[in-house]
Amino acid sequence: MPGVRTPPVPFRPSAAQLGLVAANFLMWGGFFAVIPLVTVHFSGPVAQGGLGWAAASVGLVLGLRQLTQQGLTVFGGAWADRLGPKPLIVWGCALRTLGFAWMGFSDSLPELLASALLAGVGGGLFDAPKSAAITQVTHPDHRTRMFSLTSLSGNAGMVTGPLLGTALLGLGFRTAALVAASVYVLAGLVLVVTLPHLRPEGRPGSSLAGLRQAAKDTRFRRFTLVLIGYFILSTQINVAVTLKAISLAGPGATGPLYGLSAGLAVLLQYPLLRLVERWLPVRTALVTAVALVGLSLGLMSLAGTFPALLACVALYSLGTMIVYPTQQTLTARFAPGALVGSYFGFSAISLGVGGAAGSVLGGALVDTGAHLGLSALPWLTLAAIGGVSAVGLAWALRGFDGGPDGDAADS
51 MPGVRTPPVP FRPSAAQLGL VAANFLMWGG FFAVIPLVTV HFSGPVAQGG LGWAAASVGL
111 VLGLRQLTQQ GLTVFGGAWA DRLGPKPLIV WGCALRTLGF AWMGFSDSLP ELLASALLAG
171 VGGGLFDAPK SAAITQVTHP DHRTRMFSLT SLSGNAGMVT GPLLGTALLG LGFRTAALVA
231 ASVYVLAGLV LVVTLPHLRP EGRPGSSLAG LRQAAKDTRF RRFTLVLIGY FILSTQINVA
291 VTLKAISLAG PGATGPLYGL SAGLAVLLQY PLLRLVERWL PVRTALVTAV ALVGLSLGLM
351 SLAGTFPALL ACVALYSLGT MIVYPTQQTL TARFAPGALV GSYFGFSAIS LGVGGAAGSV
411 LGGALVDTGA HLGLSALPWL TLAAIGGVSA VGLAWALRGF DGGPDGDAAD S
């Protein structure tokens with residue numbers, strides 16, 4: 051009836067939603083149980099049980115793994131539109147299991163590279179399909195909340211994974227790698243039991259048709275490209291911010307740094323998203339959060355002590371914990387129902403390009419600032435990138451009134 055407001059649908063997570071949250075926790079936990087140990091084991095001093103390999107060679111292996119995963123994610127989403135997300139996620143977990151197990155038995159650089167690439171292929175198969183599955187099993191009104199819960203479970207995995215890995219390292223790297231591999235077996239089994247086989251109606255004629263449509267969607271293409279600027283900023287927690295923390299408090303600073311970032315996300319992300327959801331439209335929340343990330347990096351130019359830096363990191367974390375669920379929600383709104391996987395796959399371009407560029411740019415800015423005696427150079431440059439990215443997102447989303455049903459994509 052006109053004038054009668056439909057009551058909101060209550061959010062009661064289904065078995066499929068709980069399974070995705072649990073599996074995401076296991077995936078992130080398994081990943082961080084072994085990947086941080088790769089450098090310790092293969093590049094660590096022989097006297098301390100390491101193999102003494104050149105750090106550059108191990109860095110190359112990890113970089114190629116990341117590139118493989120992000121590159122394949124683009125296609126993993128498109129394949130999910132044809133096959134459904136479940137088989138791709140399960141196969142991805144299986145390949146990552148094999149990759150991590152093989153890593154534990156690697157004693158040469160070619161073997162380590164091959165095992166890391168296999169693990170990267172597994173990640174490329176399950177990344178975008180996982181987001182597509184979350185979209186398909188969640189009511190449009192609850193997607194921001196569901197993506198927030200998924201992000202929270204990932205952050206919990208980031209906290210517990212390194213603790214598990216460190217505890218297992220005393221038993222040897224091989225044991226740690228095998229336990230991490232078994233965690234992916236468990237994640238796959240959880241989804242086999244809880245996730246239905248979802249095959250969208252009106253599937254694209256070929257695996258690339260959905261990607262082509264996403265690329266032709268002018269507004270979504272702008273949205274994805276502008277987000278590259280944000281991902282340049284988000285990777286700085288591993289580059290410029292870490293370097294500054296070490297300069298202020300020594301190598302031991304990395305523990306409190308990452309602990310604060312992940313811990314805040316575990317404690318605050320869900321209630322913060324509920325608050326933001328109540329007062330701000332999703333697109334406004336995203337623009338504001340990106341601007342906050344840029345501002346926090348700019349303020350790091352003034353941080354002369356480690357506690358001051360941690361205060362800036364807390365502000366940085368508040369911004370990043372809002373960006374992920376709002377960016378995922380908007381991607382789902384852009385996507386036609388039969389092409390959700392393709393749109394999530396195409397959106398991985400921003401993370402792949404921004405993450406790679408951010409790693410290079412962050413280190414280069416720190417080196418250049420030190421060489422010129424301009425310690426504020428990295429932080430002011432990153433703040434400027436944040437400001438431009440926020441303005442760019444406001445422009446890319448201008449007039450976008452895509453409601454929760456996701457039917458307002460501009461093509």
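For what it's worth, the working numbering labels the leading residue of the sequence shown as 51, then goes sequentially.
Even glycine gets a Cβ: it sits at the ideal position worked out from N, Cα and C.
For this session: Could you check if His-421 is buried or exposed, using at least 16 other CB atoms within 10 Å of its CB as the buried criterion?
Result: So His-421 counts as exposed.
For this session: Decide if Ala-166 is buried, meaning its Cβ has at least 16 other Cβ atoms within 10 Å, or exposed.
Result: Label assigned to Ala-166: buried.
Exercise. Can you list, in chain order, the residues of its chain whose CB lies under 6 Å from that of Gly-222, leaving out five sequence neighbours each side?
Worked result: If the five residues before and after Gly-222 are omitted, its C-beta is found closer than 6 Å to no C-beta atom of its own chain.
For this session: Check Asp-157 in the structure and name its three-state DSSP category.
Result: Taken through DSSP and simplified to helix, strand or coil, Asp-157 comes out as coil.
For this session: Measure the C-alpha to C-alpha separation of Val-276 and Tyr-393 and round it to an integer number of angstroms.
Result: The straight-line gap from Cα to Cα measures roughly 15 Å.
Exercise. By a C-beta neighbour count over all protein chains shown, 10 Å radius and 16 as the cutoff for buried, is Glu-327 buried or exposed?
Worked result: So Glu-327 ends up on the buried side.
For this session: Classify Ala-353 as helix, strand or coil using the three-state DSSP reduction.
Result: Under the three-state reduction of DSSP output, Ala-353 falls in the coil class, being neither helix nor strand.
For this session: Determine the direct distance from the alpha carbon of Pro-190 to that of Asp-455, and round the result to whole angstroms.
Result: Confidence is the limiting factor: at Asp-455 the pLDDT is only 40, short of 50, which leaves the residue's position unreliable and the question unanswerable from this model.
Exercise. Considering only C-alpha positions, which residue in the set Pro-137, Thr-216 and Ser-181 is nearest to His-91?
Worked result: Checking every option, the nearest Cα to that of His-91 belongs to Thr-216.
Exercise. Got a sec? Which residues, its chain only, sit under 7 Å from Arg-115 by beta carbon, not counting five neighbours each side?
Worked result: Excluding sequence neighbours, Arg-115 sits near Ala-166, Leu-167, Ala-169 and Gly-170.
Exercise. Using the rule of at least 16 other Cβ atoms within 10 Å of the residue's Cβ for burial, across every protein chain shown, is Asp-157 buried or exposed?
Worked result: Exposed, by the Cβ-count rule.
Exercise. Do Ala-226 and Leu-87 have their CB atoms nearer than 8 Å?
Worked result: Yes.
For this session: Evaluate contact between the region 344 to 355 and the region 147 to 154, counting only Cβ atoms and requiring at least three cross-stretch pairs below 8 Å.
Result: Touching, no, given that fewer than three Cβ pairs across the two stretches are closer than 8 Å.
Problem set entry | Closest residue to Gly-405 among Trp-103, Gly-79 and Leu-117 (Cα-Cα distance) | Comparing Cα positions, the closest option is Leu-117.
For this session: Hey, could you find the ends of the alpha helix (DSSP H) Asp-417 is sitting in?
Result: Run containing Asp-417: 390 to 422, per the alpha helix (DSSP H) assignment.
Problem set entry | Coarse secondary structure for Pro-50, derived from DSSP in three states | Absent from the structure is residue 50, since the part of the chain shown begins at 51 and ends at 461.
For this session: Please name the residue, chosen from Leu-219, Ala-382 and Met-208, that lies closest to Gly-309 on a Cα-to-Cα basis.
Result: The closest CA to that of Gly-309, considering only Leu-219, Ala-382 and Met-208, is found on Met-208.
Exercise. Under the three-state reduction of DSSP, which class applies to Ala-151: helix, strand or coil?
Worked result: Ala-151: helix per DSSP, three-state reduction.
For this session: Compute the distance between the beta-carbons of Ser-201 and Tyr-366, then report whether it is under 8 Å.
Result: No, they are not a contact pair.
Exercise. In its own chain, which residues sit with a C-beta less than 6 Å from the C-beta of Leu-175, not counting the 5 before and 5 after it?
Worked result: The residues are Gly-126, Leu-138, Trp-141 and Gly-142.
Problem set entry | With 16 other Cβ atoms within 10 Å as the buried cut-off, status of Ser-439 | Buried, because 16 or more other Cβ atoms sit within 10 Å of the Cβ of Ser-439.
Problem set entry | Which listed residue (Phe-384, Val-390, Val-84 and Gln-378) has its alpha carbon closest to that of Leu-401 | Considering only alpha carbons, the answer is Gln-378.
For this session: Compare the C-alpha of Gly-387 against each of Ile-435, Leu-248 and Ala-358 and name the closest.
Result: The option with the nearest alpha carbon to Gly-387 is Leu-248.
Problem set entry | Three-state class that DSSP yields for Phe-75 in the structure shown | Under the three-state reduction of DSSP output, Phe-75 falls in the helix class.
Problem set entry | Ile-278 beta carbon less than 8 Å from that of Pro-411 | According to the sequence shown, residue 411 is Leu rather than Pro. Not a contact, by the Cβ cut-off of 8 Å.
Exercise. Nearest-angstrom Cα distance between Gly-69 and Leu-245?
Worked result: Take the alpha-carbon of Gly-69 and the one of Leu-245: they are about 7 Å apart.
Exercise. Going straight from the alpha carbon of Thr-376 to that of Asp-417, what length do you get?
Worked result: Thr-376 and Asp-417: Cα-Cα distance of roughly 34 Å.
Problem set entry | Same chain, Cβ closer than 6 Å to Leu-293, neighbours up to 5 away in sequence not counted | Contacts found: Val-416.
Exercise. Start and end of the alpha helix (DSSP H) containing Gln-263?
Worked result: 259 to 266 is the span of the alpha helix (DSSP H), which, as asked, contains Gln-263.
For this session: State the Cα-Cα distance for the pair Leu-427 and Leu-380, rounded to the nearest angstrom.
Result: Rounded to the nearest angstrom, the two C-alpha atoms are 33 Å apart.
Exercise. In three-state terms, what does DSSP make of Ala-227?
Worked result: Under the three-state reduction of DSSP, Ala-227 is assigned to helix.
Exercise. Between which two residues does the alpha helix (DSSP H) harbouring Pro-212 extend?
Worked result: In the DSSP annotation of this structure, the continuous segment of the alpha helix (DSSP H) that includes Pro-212 starts and ends at 193 to 219.
Problem set entry | Segment limits, alpha helix (DSSP H) that includes Trp-445 | Counting along the chain, the alpha helix (DSSP H) containing Trp-445 begins and ends at 427 to 446.
Exercise. Can Gly-391 and Thr-123 be called in contact, C-beta distance under 8 Å?
Worked result: Gly-391 places its beta carbon 8 Å or farther from that of Thr-123.
Problem set entry | Where the alpha helix (DSSP H) containing Ile-296 begins and where it ends | Residues 290 to 299.
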